[in-house]
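The opening residue of the sequence shown carries number 308 in my numbering; numbering runs sequentially from there.
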Amino acid sequence: MHTEAEERYVSLRLAHGDITHVVDLLNRAKTLEDASIKTALVRYCIIEYAKPFNTSKGRFRSTFRRIDEESIFPGGNSDHKALITERDQRIAHGDITAYNPQLHYWSQQDIFPIVFKGSKLYDNMDKLIETILDLCDIILSYLVLQMESLEALFREQIKENDPPRK
């Protein structure tokens, strides 16, 4: 990479790969009957889905986000926000506040069980998969447009720097 535009293009291509991978895995998850494996696969997909929206490091930009959420979801999107929050608070970091845990003591068994708030995201796994796939379609459309725009710029730069041979 020689320019910030090339770095932007590479970051978009990486994001496209991440989101395409999510789509492939979610389509496979739809066919699974084992709920544990399906849940694990969907949780992994949430991690992959969130990657392009997290801060990255580049050569020309010290830190940046491969995808700006506001560009794709002007005014926000509650489903997208729920996925990013799930990834950040529960999957990646296990924030105690996300679970709202209550410690109990049961004297008969002399144990200390913990009751915590579960994530509502997984209540209907098939609906969650479809929701993520719908979001991925929106993101992929955005990425393709951005990449095509940069490709057109690169083609113009090549024409300017490499005149036709006679």
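Heads up, the beta-carbon is just placed ideally off N, CA and C, and yes, glycines get one too.
Predicted, not measured: the structure shown is a model, and the values here were computed from it.
- Taking one beta carbon from each stretch, the region 410–419 and the region 313–321 have fewer than 3 pairs nearer than 8 angstroms; the two do not touch.
- Shortest Cα-Cα distance from S378 to any of E458, I446, A459 and D469 involves I446.
- When secondary structure is reduced to three states using DSSP, L390 falls in the helix class.
- DSSP places S363 in the strand class (E or B) of the three-state scheme.
- Under the three-state reduction of DSSP, R372 is assigned to strand.
- Just so you know, the alpha carbons of E467 and E458 end up roughly 14 angstroms apart.
- Within the model, the alpha-carbon separation for L339 versus H328 is close to 17 angstroms.
- Looking at the DSSP output, L410 bridges to I421.
- Counted as a single uninterrupted DSSP element, the alpha helix (DSSP H) harbouring L457 occupies residues M432 to N468.
- Across the structure, E311 and Q453 are spaced so that their CA atoms are roughly 14 angstroms apart.
- Assignment of T327 by DSSP, reduced to helix, strand and coil, places it in the helix class.
- Three or more Cβ pairs drawn from the region 432–444 and the region 321–336 lie within less than 8 angstroms of each other, which places the two stretches in contact.
- The beta carbon of T438 sits closer than 6 angstroms to those of D386, all from its chain and outside the five residues before and after it, given in chain order.
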